[in-house]
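Here our numbering is used: position 60 in the sequence shown is 380, and no number is missing along the way.
Have a look at the structure below, then the notes.
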Amino acid sequence: MALWMPVKATSTAPRKRGPKRRTSALEERADEIVRRLHRMYPSAKCSLDFQSPYQLLIATILSAQATDARVNQVTPDLFRRYPTAGALAVADPGELEERIRTTGFFRSKARSLLGASATMVREHGGEVPRSMESLVALPGVGRKTANVVMGNAFKNAEGVVVDTHVSRVTQRLGITREKDAEKIEQDLMKLIPRSEWVTFPHRVILHGREICVARKPKCSECHLNDVCPSAREPLE
Numbered sequence: 321m322a323l324w325m326p327v328k329a330t331s332t333a334p335r336k337r338g339p340k341r342r343t344s345a346l347e348e349r350a351d352e353i354v355r356r357l358h359r360m361y362p363s364a365k366c367s368l369d370f371q372s373p374y375q376l377l378i379a380t381i382l383s384a385q386a387t388d389a390r391v392n393q394v395t396p397d398l399f400r401r402y403p404t405a406g407a408l409a410v411a412d413p414g415e416l417e418e419r420i421r422t423t424g425f426f427r428s429k430a431r432s433l434l435g436a437s438a439t440m441v442r443e444h445g446g447e448v449p450r451s452m453e454s455l456v457a458l459p460g461v462g463r464k465t466a467n468v469v470m471g472n473a474f475k476n477a478e479g480v481v482v483d484t485h486v487s488r489v490t491q492r493l494g495i496t497r498e499k500d501a502e503k504i505e506q507d508l509m510k511l512i513p514r515s516e517w518v519t520f521p522h523r524v525i526l527h528g529r530e531i532c533v534a535r536k537p538k539c540s541e542c543h544l545n546d547v548c549p550s551a552r553e554p555l556e
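Here is the structure:
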């Protein structure tokens, strides 16, 4: 899959660059993709329902290997039963497992929820920590989950969320060759303006659900097909 191709930009690039630095074709194409996705999905936002950092953290942990729609069905009852990290930290494991069973992998998720909430109570006064380092130190919290919380609950762009949709779509678009999520994130952080780090993944996720689907992407309907090498090359 080609990693770059020239593209004629349709408007001023969203990033600010120094006057002596030349813009690469890959950066120009990434900028064009950012602009088009913004037009295609102007209202994109986190699809998990939450009203606090605590709720978003719990919902994001539950969303692993589960749809956001399924998680949103489970969390209202869960948050009524365990409204704080303190309440969740002392939950009966068996009862908690039953309440989250339909999200899949419920035993390991219950252990993560209990461990994360206990750590928040013990080390952070029952609050969700506001730093990336402290978030990823919580049981069951990886960089993706931490990025979701940092960007959407605290409005602090420390990185780019990379889930299965973001991984698939950005690979097809040719703006990364990497397969590992953290390496993909590093590529995207170099190409995507920091002001877009939070919203870009939401738009890519919508595009991956609606157009660039896993098994048979709808390339003929895609408004990115002229800047996407996969629209002209066989998909791997």
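Just so you know, even glycine gets a beta-carbon here, dropped at the ideal spot from N, CA and C.
Along the alpha helix (DSSP H) that carries residue 533, what are the first and last residues, could you check? In the sequence shown, the residue the question calls residue 533 occupies position 213. Unbroken run through residue 533: none, as it is neither H nor E.
In whole angstroms, what separates the C-alpha of residue 518 from that of residue 478? In the sequence shown, the residue the question calls residue 518 occupies position 198. In the sequence shown, the residue the question calls residue 478 occupies position 158. Those two C-alpha atoms are separated by around 9 Å.
Suppose you measure from the CA of residue 325 to the CA of residue 540; what does that come to, to the nearest Å? What you label residue 325 is simply residue 5 of the sequence shown in a count that begins at 1. What you label residue 540 is simply residue 220 of the sequence shown in a count that begins at 1. Residue placement at residue 325 is flagged as unreliable, the pLDDT there being 37, under the threshold of 50; a coordinate-derived value is accordingly withheld.
Span separating the alpha-carbon of residue 530 from that of residue 523: Stepping through the sequence shown from its first residue, residue 530 is reached at position 210. Stepping through the sequence shown from its first residue, residue 523 is reached at position 203. Going from the Cα of residue 530 to the Cα of residue 523 covers about 11 Å.
Which of the three DSSP states, helix, strand or coil, is assigned to residue 385? As a first step, residue 385 must be located in the sequence shown, where it is residue number 65. Looking at residue 385 - three-state DSSP - the assignment turns out to be coil, as it is neither helix nor strand.
Between the Cα of residue 446 and the Cα atoms of 452, 394 and 434, which residue gives the shortest distance? Counting from one through the sequence shown, the residue named residue 446 turns up at place 126. Per the Cα distances, 434.
Enumerate in chain order the residues of its own chain whose CB-to-CB distance from residue 469 is below 7 Å, with the five nearest sequence positions on each side excluded. For the purposes of this step, residue 469 is taken as the residue at position 149 of the sequence shown. Around residue 469: 373, 376, 377, 380, 448 and 455.
Using 8 Å as the cut-off, can you tell me whether the region 450–465 makes contact with the region 399–418, which would need three or more C-beta pairs spanning the two stretches below that distance? no
Is the Cβ-Cβ distance between residue 423 and residue 368 less than 8 Å? Here residue 423 corresponds to residue number 103 of the sequence shown, with the count starting at 1. Here residue 368 corresponds to residue number 48 of the sequence shown, with the count starting at 1. Not closer than 8 Å, so no.
In whole angstroms, give me the CA-to-CA distance for residue 361 and residue 392. Working through the sequence shown from its first residue, we reach residue 361 at position 41. Working through the sequence shown from its first residue, we reach residue 392 at position 72. Taking the straight line joining both Cα atoms gives about 21 Å.
Residues near residue 538 in its chain [Cβ-Cβ closer than 7 Å; skip 5 each side]: For the purposes of this step, residue 538 is identified with residue 218 of the sequence shown, where counting begins at 1. Excluding sequence neighbours, residue 538 sits near 531.
Can the beta-carbon of residue 557 be found less than 8 Å from the beta-carbon of residue 436? Past the edges of the chain, shown from 321 to 556, lies residue 557, and the structure says nothing about it.
Hey, how far is the Cα of residue 345 from the Cα of residue 490? Counted from its first residue, the sequence shown places residue 345 at position 25. Counted from its first residue, the sequence shown places residue 490 at position 170. Answer to the nearest angstrom: the Cα atoms are 16 Å apart.
Can you find the residues in the same chain that come closer than 6 Å, C-beta to C-beta, to residue 496, ignoring five residues on each side of it along the sequence? Locating residue 496 in the sequence shown gives position 176, counting from the first residue. 490, 504 and 507, listed in sequence order.
Residue range of the alpha helix (DSSP H) that includes residue 474: The residue given as residue 474 occupies position 154 in the sequence shown. For residue 474, no alpha helix (DSSP H) run applies, since DSSP gives it neither H nor E.
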